[in-house]
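Heads up: the sequence shown runs through residues 3 to 468, numbered per our numbering.
Note that CB positions come from ideal geometry on N, CA and C, so glycine has one too.
Just so we're clear, the structure is a prediction, and the values are computed from it rather than from any experiment.
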Amino acid sequence: MQLGVQKCQNPFGIQNCDGYFLVLDELDSSNTEGDYGYSDSTNVTPRRSSVRKTGNLKEIYSLGRKLGQGQFGTTYLCLEKATGKEFACKAIAKRRLTTKEDVEDVRREIHIMHHLAGHPNVIQIIGAHEDAVAVHVIMELCAGGELFDRIIQRGHYTERKAAALERLIVSVVVACHSLGVMHQDLKPENFLFISQDEEPPLQTIDFGLSMFFKPGETFSDVVGSPYYVAPEVLKKHYGPECDVWSAGVIIYILLSGVPPFWDETVQGIFEQVLKGELDFISEPWPNISASAKDLVRRMLVRDPKKQLTAHEVLCHPWVQENGVAPDKPLDSAVLSRLKQFSAMNKLKKIAIRVIADNLSEDEIAGLKQMFKMIDVDNSGHITLEELKNGLERVGANLKDSEISHLMQAIFDNSGTIDYGEFIAAMLHLNKIQKEDHLFAAFSYFDKDGSGYITPDELQQAVSSLA
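Right under this line is the structure:
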């Protein structure tokens with residue numbers, strides 16, 4: 003597929019030219035099915051895309067507050083002027099799309115969202131607009147919060163409720179696989195409730211890593227999130243079964259409040275994913291039903307050929323709507339652990355950044371030199387492409403897990419990584435664990451020096467680095 007270009011001879015990295023290249027120029031909105039293993043057994047009804055290739059978005063929508071930020075752009079609240087309806091607008095900055103692959107990734111994400119449109123638990127895309135500086139993807143607004151946050155907020159939690167949530171999650175996987183799509187990044191943060199109502203729909207979001215596949219096709223790119231990535235992904239030979247593994251990790255966490263494979267470092271997590279044993283002995287597992295444990299065991303199988311398919315998971319007695327999942331409340335400690343796990347990643351990221359900012363010149367001399375060599379334009383920020391090329395150029399012998407960690411740092415921010423973020427992402431655990439560094443991180447949160455971190459101090463620290 004060739005890029006549609008107007009006037010600009012080189013669309014990548016050129017911002018000051020008379021025309022602009024069209025990311026959406028060749029997005030075929032009429033072909034929503036394609037040759038991707040579509041099955042009439044799915045409840046999904048594909049529909050045509052609503053794509054505006056050019057035009058002024060602000061003539062149709064009023065943009066509001068910022069809702070979030072990712073690798074290529076920012077998501078805003080937006081109001082449709084004609085109807086007063088609220089939506090979410092994901093503005094993808096075209097200056098971030100520095101390679102043909104970047105452009106193809108955006109096209110594919112939009113195509114997949116249209117391809118899956120109609121499923122009640124997949125976020126609905128309203129349309130895609132494009133102007134000289136950005137691609138604007140309009141989606142329905144999910145204002146009900148993340149999966150774990152809602153569980154914690156409600157307080158009352160049973161196995162039957164966990165089974166109902168898993169049923170919704172796996173129904174999305176079944177629909178995706180029936181339409182020849184694998185999500186590749188299933189995790190609790192990518193499931194949002196549509197509203198604050200008592201029983202709102204749960205929506206699957208973020209198809210940025212999703213891929214079309216054909217039966218028997220395998221992939222080798224290591225993508226996903228550390229706790230949820232399947233072992234075959236780490237081995238660089240995988241297919242859609244990786245989504246079943248991720249869904250299995252989610253149900254393990256829903257039932258226990260902790261991930262099945264855990265370690266202090268990303269590399270350690272990956273090693274546990276590849277070789278670790280499932281723990282059904284520690285609390286609360288002795289009080290979890292045998293059927294639930296049977297399901298988890300059969301989803302978290304390292305041989306994809308022996309693993310349950312998504313459809314088989316839906317047919318499991320524990321998952322079925324009138325199945326065997328008991329309605330008795332889970333131990334309150336599960337909710338407590340869920341809350342801790344949900345907050346852990348954000349807190350840890352801030353603490354590591356504080357430690358990185360307090361390291362001596364001697365401790366980071368090598369990393370400082372590496373940053374300078376990678377930052378070829380001396381901007382003080384490294385783009386994704388600079389990072390890929392730079393690590394190869396300087397001969398850095400990084401493991402896949404370390405590269406993945408760096409990529410995660412980029413994805414969580416503005417599409418570039420600054421000096422402090424680079425150092426934080428590359429820190430080794432032995433440096434983090436030094437007492438003076440830990441004290442510096444603690445002191446950053448403990449603003450009044452009381453020796454305790456209050457909720458207000460924690461909120462202040464999170465806001466300052468958001």
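**Report entry** Limits of the unbroken alpha helix (DSSP H) element including VAL175
**Finding:** 161-180
Query raised in the report: Do you know whose CA, among GLU234, TYR230, HIS179, lies nearest ASP223's CA?
Result: GLU234
Query raised in the report: For SER258, which option in ASP329, SER338, GLY210, LYS189 has the closest C-alpha, if you only look at C-alpha atoms?
Result: SER338
**Report entry** Simplified DSSP state of PRO190, which is helix, strand or coil
**Finding:** helix
Report task. Go ahead and label ASP187 buried or exposed: buried means 16 or more other beta carbons lie within 10 angstroms of its beta carbon, across all protein chains shown. Result -> buried
Query raised in the report: LEU59 and TYR78: beta carbons closer than 7 Å?
Result: no
Requested in this report: State the start and end residues of the unbroken alpha helix (DSSP H) segment that holds ALA327.
Outcome: Per DSSP, ALA327 belongs to no alpha helix (DSSP H) and is neither H nor E.
Query raised in the report: To the nearest angstrom, how far is it from the Cα of LEU211 to the Cα of LEU280?
Result: 27 Å
Requested in this report: Answer yes or no: do ILE128 and MET115 have a C-beta to C-beta separation smaller than 7 Å?
Outcome: no
Report task. Out of LEU99, LEU204, LYS96, state which residue places its alpha-carbon closest to the alpha-carbon of ARG152. Result -> LEU204
Query raised in the report: Can the beta-carbon of GLU243 be found less than 7 Å from the beta-carbon of PRO286?
Result: no
Query raised in the report: Between which two residues does the alpha helix (DSSP H) carrying TYR254 extend?
Result: Note, TYR254: alpha helix (DSSP H), 243-258.
Report task. Please classify THR206: is it buried, with 16 or more other beta-carbons within 10 angstroms of its beta-carbon, or exposed? Result -> buried
Report task. Take HIS313 and list the residues in its own chain whose beta-carbon comes closer than 6 Å to its own, dropping the five residues that flank it on each side. Result -> VAL176
Requested in this report: Out of ILE253, GLY392, ASP329, state which residue places its alpha-carbon closest to the alpha-carbon of LEU149.
Outcome: ILE253
Requested in this report: Report the three-state DSSP secondary structure of GLY453 (helix, strand or coil).
Outcome: coil
Query raised in the report: Contact check, GLY146 vs ILE196 under 8 Å by CB: the rounded distance?
Result: 6 Å
Query raised in the report: From what residue to what residue does the beta strand (DSSP E) around HIS383 run?
Result: 383-385
Query - Sequence-distant residues of the same chain with beta carbon closer than 6 Å to ASP329, five excluded per side - result: Closer than 6 Å at the Cβ level, and outside the excluded window around ASP329, lie THR160, ARG162.
Report task. Report the residue from ALA166, ALA134, VAL25, HIS138 whose alpha carbon sits nearest the alpha carbon of ALA327. Result -> ALA166
Query raised in the report: Applying the criterion that 16 or more other CB atoms from any shown protein chain within 10 Å of the CB defines a buried residue, is HIS239 buried or exposed?
Result: exposed
Query raised in the report: Helix, strand or coil: which one does DSSP assign to GLY75?
Result: strand
Query raised in the report: Below 7 Å between beta carbons: does that hold for GLU293 and PRO319?
Result: As written in the sequence, residue 293 is Ser, which differs from the Glu given in the question. It is a contact, given that the beta carbons lie within the stated cut-off.
Query raised in the report: Starting from PHE89 and walking both ways along the beta strand (DSSP E), at which residues does that stretch end?
Result: Note, PHE89: beta strand (DSSP E), 88-95.
Query raised in the report: From what residue to what residue does the alpha helix (DSSP H) around HIS116 run?
Result: 102-117
Query - Reference MET213, options ASP265, ASP107, SER334, closest by Cα - result: ASP107
Query - Nearest-angstrom Cα separation, counted from LYS449 out to ILE125 - result: 40 Å
**Report entry** Whole-angstrom C-beta distance between PRO228 and VAL268, which should lie under 8 Å
**Finding:** 5 Å
Requested in this report: Have a look at the DSSP bridge pairing and note the partners of TYR421.
Outcome: Per DSSP, none; premise fails for TYR421.
Query - Cβ-Cβ distance between LEU143 and GLU201 below 7 Å - result: no
**Report entry** Backbone secondary structure at LEU280 - three-state DSSP
**Finding:** If DSSP states are grouped into helix, strand and coil, LEU280 belongs with coil.
Query raised in the report: What's the call for ASN324, buried or exposed, on a 16-neighbour Cβ count within 10 Å?
Result: exposed
**Report entry** 6 Å Cβ shell around ASN192 - same chain, five flanking residues per side excluded
**Finding:** Closer than 6 Å at Cβ, skipping near neighbours: ILE207, ASP208.
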